[in-house]
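Enquirer: Encoded as structure tokens, here's the structure I'll be asking about.
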Amino acid sequence: MSIKHLLSINDLNGSEISSIITRAISSKPMPLNNLLENQTVGIWFEKPSLRTRLSFEIGVKQLGGTTVYLDKDNIGVGSREPIRDIANVISRYIYAFIARTFAHSTLTEFAKYSTIPIINALSDEEHPCQTLADLVTIQEKFGTLKDITIAYIGDGNNVARSLACGAYHMGMPFISSSPLEYKLTISDEMINKSIIHEINPQKAMLAADVIYTDAWTSMGQEEESEIRKNAFQKYQISEKDLDSAKDTTILMHPLPAHHGEEISQDLLYHKKSVVFDQAENRLHAQRAAMEYLFK
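Going by numbering that gives the first Met the number 0, the first residue of the sequence shown is number 0, and it counts up by one from there.
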């Protein structure tokens, strides 16, 4: 049986994404099973994490397995040892490897040399696990994904890229609104052409069923923080924006949020916000994704 990796949301087709969503929702009341009984999953993060690490560790435990966290300094990827050597060793010790990296190429190299599943827990290019949780949340709130319009306001980053690709596979219109120098681009030309680019964020939000934003400055971009704040000033989502949107529109954010920057103060607690349901769904979506990958 071939090894299934999850490096990109494009590693899944629409049918597979739909199956993971259905499983995530249906397994919420009774998540426990023994799929990973007597198995150990390795977790290695180059960047900080709250939701991703916690939800993966709990999800593995709910599937009957255990986790081991590999400290980034001790593993020494690329400095202490080449990835090829590390991949060959860990493939003999653990059942799967969950990694959060600065460079997406690190993940692809692990996948090239490993004989176990590799899961992208965030890279500079994509965040597929976040997208699965987002789609689970939207399905729960609207009862469907088809023709639900997402307006992504802000930096065309890794989260935006995965979400746009996921939306494409599920038949969901996707509007991206950002300054031109931070415009979302995707290497897959068909998906790239499906994105509607709207420089006016208010216009984008009026058309949306889902208003989505993320931090203006991602991990590793801290030196650009002030430049980005100036560039994105007109892209802050406010209470007025949510009140002007359709009655059924929801607000989403992958967290952590920078209150007073991409969202106005306390907007996460607006009646249209589903941000904490979205955060909870990281657990259910990732557990369902592991079930799909490991079976």
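The C-beta atom is built at its ideal place from N, Cα and C for all residues, glycine as well.
(1) Exposed or buried, proline 127, counting other C-beta atoms within 10 Å across all chains shown (16 or more means buried)?
(2) Taking C-beta to C-beta, are alanine 207 and threonine 248 nearer than 8 Å?
(3) Going by DSSP, what residue range makes up the beta strand (DSSP E) through asparagine 119?
(4) With tyrosine 92 as the anchor, note down where its alpha helix (DSSP H) starts and where it stops.
(5) Just the Cα atoms here: how many angstroms apart are aspartate 154 and arginine 281?
(6) Does the stretch 15-27 touch the stretch 224-243, meaning 3 or more C-beta pairs lie closer than 8 Å?
(7) What are the residues that DSSP puts in a beta bridge with phenylalanine 44?
(8) To the nearest angstrom, how far is it from the Cα of glutamate 80 to the Cα of serine 1?
(9) Let's see if you can read the secondary structure: which residues bound the alpha helix (DSSP H) around phenylalanine 231?
(10) Check whether the stretch 140-155 and the stretch 34-47 touch, using three or more Cβ-Cβ pairs below 8 Å as the test.
(11) With a Cβ-Cβ cutoff of 8 Å, do alanine 298 and serine 175 count as a contact?
(12) On a CA-only basis, which of Gly64, His103 and Asn119 is nearest isoleucine 93? Give me that one, please.
(13) Using CA coordinates, which residue listed in Asn12, Ile118 and Tyr211 is at the minimum distance from leucine 106?
(14) May I have the straight-line CA-CA distance separating proline 116 from leucine 254, to the nearest angstrom?
(15) Find the nearest neighbour of serine 17 within the set Phe293, Ala287 and Lys294, judged by alpha-carbon distance.
(16) So which of Gln138, Phe109, Ile82 and Ser113 has the shortest CA-CA distance to aspartate 276?
(17) Give me, in chain order, the residues of the same chain whose beta-carbon lies closer than 6 Å to that of phenylalanine 173; leave out the 5 immediate sequence neighbours on both sides.
(18) Between the C-alpha atoms of glutamine 129 and arginine 160, what's the straight-line distance to the nearest angstrom?
(19) Going by beta-carbon coordinates alone, are leucine 144 and leucine 134 separated by less than 8 Å?
(20) Would you be able to state if there are at least three C-beta pairs under 8 Å between the stretch 259-266 and the stretch 207-220?
(21) Can you check DSSP and say which residues form a bridge with alanine 288?
(22) Leaving out five residues before and five after tyrosine 291 in sequence, what residues of the same chain have Cβ atoms less than 6 Å from its Cβ?
(23) Which value, in whole angstroms, describes the spacing of the CA atoms of asparagine 33 and histidine 4?
(24) Can you list, in chain order, the residues of its chain with a C-beta nearer than 8 Å to that of asparagine 157? Leave out the 5 residues immediately preceding and following it.
(25) For the stretch 44-51 against the stretch 264-274, are there 3 or more C-beta pairs whose distance is under 8 Å?
(26) If we ignore side chains and look at the alpha-carbon of each, how far apart do lysine 111 and arginine 99 end up?
Expert: So, from the data block:
(1) Classified as buried, proline 127 has 16 or more neighbouring CB atoms from the shown chains inside 10 Å of its CB.
(2) Against a cut-off of 8 Å, the Cβ pair of threonine 248 and alanine 207 comes out as a contact.
(3) Start and end: 117-119.
(4) Taken as a continuous stretch (DSSP letters only), the alpha helix (DSSP H) holding tyrosine 92 covers 82-92.
(5) Between aspartate 154 and arginine 281, the C-alpha separation is close to 22 Å.
(6) No: fewer than three Cβ pairs fall under 8 Å.
(7) Among the bridge pairs identified by DSSP, phenylalanine 44 is matched with Arg99.
(8) Whole-angstrom Cα-Cα distance: 27 Å.
(9) Annotation for phenylalanine 231: no alpha helix (DSSP H) segment contains it, and DSSP assigns it neither H nor E.
(10) Flag = no, the stretch 140-155 and the stretch 34-47 do not touch.
(11) The question about residue 298 has no answer here: the residues shown for the chain are numbered 0 through 294.
(12) With distances taken between Cα atoms, isoleucine 93 lies closest to Gly64.
(13) Nearest C-alpha to leucine 106: Ile118.
(14) Taking the straight line joining both Cα atoms gives about 26 Å.
(15) Selection Phe293, Ala287 and Lys294 evaluated against serine 17 yields Ala287 as nearest (Cα-Cα).
(16) Ranking Gln138, Phe109, Ile82 and Ser113 by CA distance to the CA of aspartate 276 puts Gln138 first.
(17) These residues qualify, in order along the chain: Ile149, Ala163, Ala166 and Ile194.
(18) Glutamine 129 and arginine 160: Cα-Cα distance of roughly 11 Å.
(19) One thing to note: leucine 144 has its Cβ within 8 Å of the Cβ of leucine 134.
(20) With the cut-off at 8 Å, the stretch 207-220 and the stretch 259-266 touch.
(21) Note: alanine 288 sits in no beta bridge, so no partner.
(22) Excluding sequence positions up to five before and after tyrosine 291, its CB lies within less than 6 Å of the CB of Ile19, all in the same chain and listed in chain order.
(23) Computed Cα separation, rounded: 21 Å.
(24) In the same chain as asparagine 157, and ignoring 5 residues on each side of it, the C-beta atoms closer than 8 Å to its own belong to Leu121, Ser122, Asp123, Glu124, Glu125, His126 and Ser217, in chain order.
(25) The stretch 44-51 vs the stretch 264-274: no contact.
(26) Cα to Cα, lysine 111 sits roughly 17 Å from arginine 99.
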